[in-house]
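Contents: one structure, followed by commentary.
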Amino acid sequence: MFAKTITAITAAKTVRLFLRIFGGGATAAPGLIAERIDPTILSRLTFRLPKKVIITGTNGKTTTSRILSTILSFNGIKTIHNREGSNLTRGIVSTLIEKSNLLASSEADIGVFEVDEATLPEAVSKINPDVIVINNLFRDQLDRYGEVDKIYKRWSEVLVGLPSNTTIILNSDDPSVAELGNSTKAKTLYFGIEDEKMSLLRLPHASDFISCLSCGYELKFDHIYLSHLGKYLCNNCGLKRPKPTYFAHSIKFLGSEGSVAKINTPQGRFDISAQIPGLYNLYNIIAAVTAAISLGIKVENIEKSLRDYKSAFGRAEKLEINGKSIFVFLAKNPTGFNEVIRTVFWDKERKNVFLIINDLIADGTDVSWLWDVDFELLKHKVDQVWVSGLRAADMSLRLKYADIAVDSSNVNEDIEESLEQALKKLKTGETLYIFPTYTALLNLQKILRSKKVTGAFWEN
């Protein structure tokens, strides 16, 4: 059996070498081939790792895993991390093989693995993690995942079987995630927001869990932070939000440039000045901080390691091209898009916007979710608008119904042509805010890479 493992690793390393020579990322194919040769390869590659962390959720898993990996590396801990964001088991295997020798061992102290929400059951059974972080649960790619209750059921079945020496880190503000802590023997830690000033006036249209998961009664929200995340209570059965022991408060937004906040933990308090904007990114930071502390990192060292953290490509990254600024915000589902809108349009300044909508498998082939995004909030807040991608016409129609005028000459399925047009119309010093879906983000990165503006996604 071990000969099969060596064969799998050798084949995967060879494939990776050839793909890189010819300009490919090699983030998934080597792992896919290795799994075909040896179905036990993931378990074998992770068996000798001293510590293993899995991070999952609908939104924020890439950023959370990167922040945690940054904290660990800053503190001298050798870390294996599927940094490129390839989060199916094949992607994790590809990363492990890159860092391992032919005998399936590496010099790493810990593995930090971003895991696709639907892949969590398989990943947990094969990796046997010490820590599991669950950020949130929202609608995403309905054609692939089905409704959110299907994912919730899968997660619940996984956590029920965890041993008591596993630590699970849950978002206390998300009813669907916090409830998972009630049916497991694992040690449970909760993180969240404690800042009434951040509360929305009402539940957004794109809210997925507004009924009690225990009795079905409608939840009462005292504070709503985003989507269905907030302080909630069921007046029928008494289910309520668990009080987080790791939380952010005294939050101040700095628009697209970031935010400042205070972080409270049982091990101490500290201030952060985050270069990644939005309340959703504060959730990601708190989740990573909680995981780092659970792994033994001291609070003062966490504070230092967060100072210079910069976002990944497409996660509120700022770029410069020909004297003009570009901000790129991945927007792949209603809640994510709504929070991007909330973050970018926090002030009264009108913005130039470029929306890129694709409908490939990785995006979700059903684009009806666009009608659940609150584009109406952009009325009177946008200056020039460009629309591109495979479903440019659908996006343009959605904006029309939001009473946002889009010049027909600014609607073009060709992303590169549309980007060129937008940049030509912008004046020096102006900013373009780009909102792509997932595959559109990859297309955009290739275009910007050809212009020497950014590197390939596997280098970022």
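When you line the sequence shown up against mature numbering (1 follows the signal peptide of the UniProt record, and there is no 0), it's residues -28 to -1, 1 to 432, in that order. Beta carbons are placed, not taken as given, at the ideal position from N, Cα and C, and that holds for glycine.
8 angstroms Cβ cutoff met for residue i and residue j
i: MET170; j: TYR197; result: yes
i: SER15; j: LYS98; result: yes
i: LEU350; j: ILE376; result: yes
i: HIS177; j: ASP344; result: yes
i: ILE387; j: SER360; result: yes
i: SER183; j: CYS209; result: no
i: ASP88; j: LEU60; result: yes
i: VAL65; j: GLU7; result: yes
i: ILE5; j: LYS(-25); result: no
i: VAL120; j: ASP194; result: no
i: LEU74; j: THR(-19); result: yes
i: ILE419; j: LEU395; result: no
i: LEU414; j: ARG370; result: no
i: SER128; j: LEU152; result: yes
Cut-off 6 angstroms between Cβ atoms - residues of its own chain near residue i, not counting five sequence neighbours on either side
i: PRO238; result: THR217
i: ILE27; result: LYS33, THR36, SER37, GLU86, VAL105
i: LEU172; result: ILE196
i: LEU416; result: PRO408
i: ALA158; result: LEU134, THR138, ILE140
i: ALA150; result: LEU142, SER144, PRO214
i: ASN236; result: PHE219
i: residue 434; result: A question about residue 434 goes unanswered here, because the residues of the chain that appear run from -28 up to 432.
i: SER58; result: THR(-2), ALA(-1)
i: VAL325; result: VAL354, VAL357, TYR405
i: SER283; result: ILE248, GLU289
i: GLU348; result: ALA374
Supposed close pair residue i, residue j - CB separation, criterion 8 angstroms
i: GLN356; j: LYS320; result: Contact doesn't hold; Cβ gap of about 17 angstroms is too wide.
i: ILE298; j: ILE406; result: 6 angstroms
i: LYS353; j: LYS399; result: Actually they do not touch by this definition, with Cβ atoms about 19 angstroms apart.
i: ASN330; j: THR30; result: Between THR30 and ASN330 the Cβ distance is about 18 angstroms, and since that is not below 8 angstroms, they are no contact.
Beta-carbon proximity list for residue i, same chain, < 8 angstroms, skipping 5 on both sides
i: ALA246; result: GLY230, SER231, VAL232, ALA233, ASN253, LEU254, ILE257, LEU278, TYR281
i: THR51; result: SER41, LEU44, SER45, ALA80, ASP81, ILE82, GLY83, VAL84
i: LEU161; result: THR139, ILE140, ILE141, LEU142, THR217, TYR218, THR262, SER266
i: GLY295; result: THR400, GLY401
i: GLU94; result: THR61
i: ASN207; result: TYR189, LYS192
Which listed residue (the options) has its alpha carbon closest to that of residue i
i: ASN273; options: ALA284, SER283, VAL261; result: VAL261
i: PHE225; options: THR315, VAL120, SER58, VAL345; result: THR315
i: ALA(-21); options: ALA1, GLY(-6), GLY(-4); result: ALA1
i: LEU175; options: LEU44, TYR204, PRO11, SER390; result: TYR204
i: LYS372; options: LEU131, TRP358, GLN393; result: TRP358
i: PRO11; options: ILE(-23), GLU166, VAL25, ILE(-8); result: ILE(-23)
i: LYS(-16); options: GLY3, GLY(-6), GLY(-5); result: GLY3
i: GLU79; options: ASP344, ASP145, THR18; result: THR18
i: GLY164; options: THR138, ASN107, ARG(-13), ILE52; result: ASN107
i: GLY268; options: LEU92, CYS187, ASP102, LEU(-10); result: ASP102
i: GLU289; options: THR(-19), SER58, LEU404; result: LEU404
i: SER77; options: PHE(-27), LEU44, ALA90, SER179; result: PHE(-27)
i: GLU385; options: GLN393, GLY401, ALA365; result: ALA365
i: ARG287; options: THR(-19), GLU56, LYS212, GLY(-4); result: GLU56
i: ARG126; options: GLY153, THR91, ASP146; result: THR91
i: ASN100; options: ARG363, LYS23, ASN207; result: LYS23
i: LEU211; options: HIS221, ASP146, ALA264, LEU251; result: ASP146
i: ASN47; options: ALA264, VAL383, GLN393, ASP167; result: ALA264
i: ARG363; options: GLY(-6), SER381, ASP335; result: ASP335
i: ILE13; options: GLY63, PHE(-7), HIS53, GLY(-6); result: GLY63
Same chain, Cβ closer than 7 angstroms to residue i, neighbours up to 5 away in sequence not counted
i: LEU332; result: THR411
i: ASP379; result: none
i: VAL425; result: LEU291, ILE293
i: TYR124; result: LEU109, SER148
i: VAL132; result: SER155, THR156
i: GLY227; result: PRO249, TRP318, ASP319
i: PHE242; result: ILE235, VAL271, GLU275
i: VAL312; result: PHE301, ALA303, PHE407
i: TRP430; result: Bear in mind that a pLDDT of 44 at TRP430, under 50, signals an unreliable position, so the number given afterwards is only what the model happens to contain. These residues qualify, in order along the chain: GLY(-4), THR(-2), GLU56.
i: ILE39; result: ASN256, ILE257, ALA260, TYR281
Residue i CB to nearest heavy atom of the ligand FMN below 7 angstroms
i: ASN107; result: Ligands in the displayed structure: none, and consequently the ligand FMN is not present.
Open item on the list: Extract the residue ranges of the beta strand (DSSP E) inside the segment 281 to 325, only unbroken runs of 3 or more that lie entirely within it.
Closed with: Taking 3 residues as the shortest admissible run, the segment 281 to 325 contains the following complete beta strand (DSSP E) segments, listed from N- to C-terminal end: 287 to 293, 296 to 301.
Task: 4 or more residues per run - each alpha helix (DSSP H) lying fully within the segment 175 to 251 - done: Secondary structure remark: continuous alpha helix (DSSP H) runs of at least 4 residues inside the segment 175 to 251: none found.
Task: Minimum length 3: unbroken beta strand (DSSP E) runs contained in the segment 83 to 167 - done: Segments of the beta strand (DSSP E) lying fully in the segment 83 to 167: 103 to 106, 139 to 143, 159 to 165.
- [ ] Run through the segment 383 to 418 for me and flag every whole beta strand (DSSP E) of 3 or more residues, listed as ranges in chain order.
- [x] Taking only runs of at least 3 residues, the beta strand (DSSP E) segments lying wholly in the segment 383 to 418 are 403 to 408.
TODO: At 3 residues or longer, and completely inside the segment 29 to 81: list those beta strand (DSSP E) runs for me, N to C.
DONE: If we require 3 residues or more, the beta strand (DSSP E) runs fully inside the segment 29 to 81 come out as 51 to 53.
Open item on the list: Which runs of the beta strand (DSSP E) at least 3 residues long sit entirely within the segment 327 to 377? Give them in chain order.
Closed with: As for any beta strand (DSSP E) of minimum length 3 sitting wholly inside the segment 327 to 377, the runs are 354 to 360, ordered along the chain.
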